[in-house]
Amino acid sequence: MGIVPRLKGDLAAPPRPAIRARLTSRDVDRLLRQPGAESRIETMAKLVTEMEEGSLTETEKRLALDILRAFAADAETEVRAAVAWQIHNSPILTSDLAERLVRDVAQVAVPILKYVDGLPEALLLEVVAERDAQKQLAIAGRRSVSAAVSAALVETGNVLTVVHLLRNRGAAVKETTLERAAERFGQFRLVADSVAARPEITLAMVERMIALVSEDVRQQLIQDHNIEPSLARRLAEGGREAATLRLLQPLLLSPDDAEMVARHLFRQGRLTPQVLFRALCAGDLELFVAGMAARANIASQAASILAWDDGVLGLHCLLDAAAVPPALTGPFRTAQQVALDCEYVSGHCPREKFQALVVETLFDRYADAAEREVDELLMQISDQPGLDIGAELMPQRV
1 MGIVPRLKGD LAAPPRPAIR ARLTSRDVDR LLRQPGAESR IETMAKLVTE
51 MEEGSLTETE KRLALDILRA FAADAETEVR AAVAWQIHNS PILTSDLAER
101 LVRDVAQVAV PILKYVDGLP EALLLEVVAE RDAQKQLAIA GRRSVSAAVS
151 AALVETGNVL TVVHLLRNRG AAVKETTLER AAERFGQFRL VADSVAARPE
201 ITLAMVERMI ALVSEDVRQQ LIQDHNIEPS LARRLAEGGR EAATLRLLQP
251 LLLSPDDAEM VARHLFRQGR LTPQVLFRAL CAGDLELFVA GMAARANIAS
301 QAASILAWDD GVLGLHCLLD AAAVPPALTG PFRTAQQVAL DCEYVSGHCP
351 REKFQALVVE TLFDRYADAA EREVDELLMQ ISDQPGLDIG AELMPQRV
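Just so we're aligned: 92 in our numbering is position 92 of the sequence shown, and the numbers increase by one with no gaps anywhere.
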C-alpha cells in the first residue's frame, strides 16, 4: 500500500518524525524501565525506520512486524495514533495492520482512511456505516472514492462531509447521489453550490438547484445550460418555498413545535400561502393548521375546526381570514377534501399514499388552469420532497 497524494485544498499529513537511529540495547532497557507512551512511540519510530531501510533479516522482519502489531494494539490511544501516522505512507503497512487501524477510534483511523490507497471498498463501506463524523470526513477526502462509497457518505454523512465529497474531483458521484445530496442539504448554500459544480449534473437538476445556489453560481448555470432568465426566476421563486419546508421538516415533531415554527415564519414574513399549500400536500397538517391560525390571527384549535369542516363554508372562511388569494381556494379545497376522503386527517391513511393521491387529484383538475397563481402552485408541488410523481402526470402540463 502507498500514500495517496493530497488533494488540492486538503491539509497535508503531518510529516513523520525524522528518526534514523537504530534500536539499541539502551532503547530496550528504557522501554522496560520507563513504559510510558513517549518511550514506546520513540521505540516504535526507530523500529519502523529499520524496517524501511531493509537491513533486517527475514526472521528479524517477522519479529519487527509482530512488535509493530503490538504497538498498533497498545492500550494508549496516543501510541496507536503515532503508529498510524508513522506508517500511513510506508511500504511496510500491511493489509491486516491497515484494517486494524481503520477500525480503531477516529484519532487513530484518520491518516489511514484519508491517505492510504487500496483500502477495500467493502471495508470503507463498513466504516462509513459506523457514522463516525471524523472518519467519514477523512474518507470523503480520499484521492479516489467509489460511487458506492460516495452514495453511502451522502446518505449518512453530515453537511461538512457531503460538501467535502462533492468538491473532491476524485470522487465518483452518480446522478442519484447528487439528487440525494440536494434533497438532504440543498438548503445549505455550500452544498447547493457544490452540487451545481459537479460535472455529473443534469439539466433537470440544474432547474432544481437554481433556487438554492448563490447568485454567481446561478448565473453560471443559466449561461452553461441555456436556461431562459424568465424560467430561472420562476424556478428560483418556487424553489425557495421548497427549501424552507425541507429545512423545517425535522422540527415538526408535535403541534406545539408546529405552532412555534409557524409563528417564527409569520414574524419573518415567510409564512406564504405557497408554504402552507406545500405543507398540506406533504401531509404536514400540524404546520398547515398552525400556519393558517397565525395568518388568520385565531387560535389553532379554531383553525383546526374550520380547516377540517367537511362543508365548503369552514375552509372558505379560514382561507379568507388568512388572506389566501381567491384563485387558490380551489386547490386548497381539493387537497383538503382528499385528506378527509382518504382519512389521512384521522390517521387511517399512510402519508405516502395521501401524498400520491393529492398530487394526482390536483394535476387532474388544475393542470390546464389558466390562472398563473394556480399554475405556479402546481409547479411547486411537482418537486415536493418525498413525493413520487409518476411520469403519466407530467404530460398533462404540456
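C-beta atoms are modelled at their ideal positions from N, C-alpha and C, and glycine is treated no differently.
Simplified DSSP assignment, three categories, for Ala290: Along the sequence shown, one-based indexing puts residue 290 at 290. Looking at Ala290 - three-state DSSP - the assignment turns out to be helix.
Under a Cβ-count criterion, where at least 16 other Cβ atoms within 10 Å of its own Cβ denotes burial, should Gly283 be classed as buried or exposed? For the purposes of this step, residue 283 is taken as residue 283 along the sequence shown, with counting starting at 1. Answer is buried; the Cβ neighbour count reaches 16.
Range covered by the alpha helix (DSSP H) that runs through Pro255: In the sequence shown, the residue the question calls residue 255 occupies position 255. Following the DSSP letters along the chain, one finds Pro255 inside the alpha helix (DSSP H) bounded by residues 255–267.
Exposed unless 16 or more other CB atoms sit within 10 angstroms - verdict on Leu362: Here residue 362 refers to the residue found at position 362 of the sequence shown. Sixteen is the threshold: when 16 or more other Cβ atoms of the shown chains lie within 10 Å of the Cβ of Leu362, as they do, the residue is buried.
Taking its Cβ as the centre, do 16 or more other Cβ atoms sit within 10 Å of Leu63, making it buried, or is it exposed? Translated into positions along the sequence shown, residue 63 becomes position 63. Classification of Leu63: exposed, given that the 10 Å Cβ count is below 16.
Residues that DSSP places opposite Ala171 in a beta bridge: Within the sequence shown, numbered from 1, the residue matching residue 171 stands at position 171. Paired residues: Val145.
Tell me the start and end of each unbroken alpha helix (DSSP H) in the stretch 98–167 that is at least 4 residues and wholly inside, in chain order. The stretch 98–167 is shown to contain whole alpha helix (DSSP H) runs of 4 or more residues at 106–115, 121–129, 133–140, 147–156, 159–166, in chain order.
Starting from the Cα of Ala182, find the closest Cα among Ala171, Leu101, Arg167, Arg208 and give me that residue. Counting from 1 along the sequence shown, the entry for residue 182 is found at position 182. If we check each option's Cα against that of Ala182, Arg208 comes out closest.
Could you give the C-beta distance for Val154 and Val162, rounded to a whole number, given that I count them as a contact under 8 Å? By one-based count along the sequence shown, residue 154 stands at place 154. By one-based count along the sequence shown, residue 162 stands at place 162. Cβ atoms of Val154 and Val162 come within 8 Å of each other, at about 6 Å.
Inter-residue spacing [alpha-carbon to alpha-carbon] between Gln223 and Val206: The residue you call residue 223 lines up with position 223 of the sequence shown. The residue you call residue 206 lines up with position 206 of the sequence shown. Going from the Cα of Gln223 to the Cα of Val206 covers about 11 Å.
Please report the straight-line C-alpha distance between Ala109 and Pro199, rounded to a whole angstrom. The residue labelled residue 109 in the question sits at position 109 within the sequence shown. The residue labelled residue 199 in the question sits at position 199 within the sequence shown. Per the coordinates, the alpha-carbon of Ala109 lies some 31 Å from the alpha-carbon of Pro199.
Quick one: what does DSSP say Thr329 is sitting in, helix, strand or coil? Against the sequence shown, residue 329 aligns to sequence position 329. DSSP places Thr329 in helix when its eight states are reduced to three.
Hey, how far is the Cα of Ile41 from the Cα of Arg263? Counting from 1 along the sequence shown, the entry for residue 41 is found at position 41. Counting from 1 along the sequence shown, the entry for residue 263 is found at position 263. Rounded to whole angstroms, Ile41 to Arg263 spans 58 Å at the Cα level.
Do the stretch 49–63 and the stretch 95–104 touch if we need at least three Cβ pairs shorter than 8 Å? Output reads no: the stretch 95–104 does not touch the stretch 49–63.
Hey, out of Ala323, Val289, Gly118, Met44, whose CA is closest to Asp257's CA? One-based indexing of the sequence shown puts residue 257 at position 257. Taking only the C-alpha atoms, the option nearest Asp257 is Val289.
In terms of alpha-carbon separation, which member of Asn158, Ala129, Ala133 lies closest to Ala148? Start at 1 with the first residue of the sequence shown, and residue 148 comes out as number 148. Taking only the C-alpha atoms, the option nearest Ala148 is Ala129.
Gly9 versus Gly347: straight-line alpha-carbon distance, rounded: Taking the sequence shown and counting its residues from 1, the one referred to as residue 9 is at position 9. Taking the sequence shown and counting its residues from 1, the one referred to as residue 347 is at position 347. Low per-residue confidence applies at Gly9: pLDDT is 37, beneath 50, and the placement is therefore not dependable enough to give any value.
Out of Ala75, Ile67, Gln107, which has the shortest C-alpha to C-alpha gap to Ala84? As a position in the sequence shown, residue 84 is number 84, starting the count at 1. Answer by Cα proximity: Gln107.
I'd like to know if the stretch 317–334 and the stretch 293–308 are in contact, where contact means that at least 3 CB-CB pairs between them fall below 8 Å. The stretch 317–334, when compared against the stretch 293–308, does touch it at the 8 Å Cβ threshold.
Taking Cβ to Cβ, would you say Leu400 is nearer than 8 Å to Gly291? The structure shown does not extend to residue 400, since the chain is modelled only from 1 to 398, so the question has no answer here.
Span of the alpha helix (DSSP H) holding Gln301? Against the sequence shown, residue 301 aligns to sequence position 301. In the DSSP annotation of this structure, the continuous segment of the alpha helix (DSSP H) that includes Gln301 starts and ends at 300–307.
Could you compute how far the alpha carbon of Leu252 sits from the alpha carbon of Val48? In the sequence shown, counting from the first residue as 1, residue 252 sits at position 252. In the sequence shown, counting from the first residue as 1, residue 48 sits at position 48. At Leu252 the pLDDT is 48, less than 50, meaning the model places this residue with poor confidence; the figure from the coordinates comes in the next sentence. If you take the alpha carbons of Leu252 and Val48, they lie about 55 Å apart.
Can you give the Cα-Cα distance for Ile389 and Leu119, rounded to whole angstroms? Your numbering for residue 389 matches position 389 in the sequence shown. Your numbering for residue 119 matches position 119 in the sequence shown. Its pLDDT being 26, under 50, Ile389 is placed unreliably in this model, and the value from its coordinates should be taken loosely. Roughly 40 Å between the two C-alpha positions.
Of the listed residues Gln337, Tyr115, Leu287, nearest to Asp310 (C-alpha basis): Within the sequence shown, numbered from 1, the residue matching residue 310 stands at position 310. Comparing C-alpha distances from Asp310 to each of Gln337, Tyr115, Leu287 shows the shortest one belongs to Gln337.
Anticipated Cβ contact below 8 Å, Leu113 with Val102, distance rounded: Within the sequence shown, numbered from 1, the residue matching residue 113 stands at position 113. Within the sequence shown, numbered from 1, the residue matching residue 102 stands at position 102. About 6 Å; that satisfies the 8 Å criterion.
Leaving out the 5 sequence neighbours to the left and right, which residues in its chain are closer than 6 Å to Met51 when beta-carbon positions are compared? What you label residue 51 is simply residue 51 of the sequence shown in a count that begins at 1. So the qualifying residues of the chain are Ala64, Ile92.
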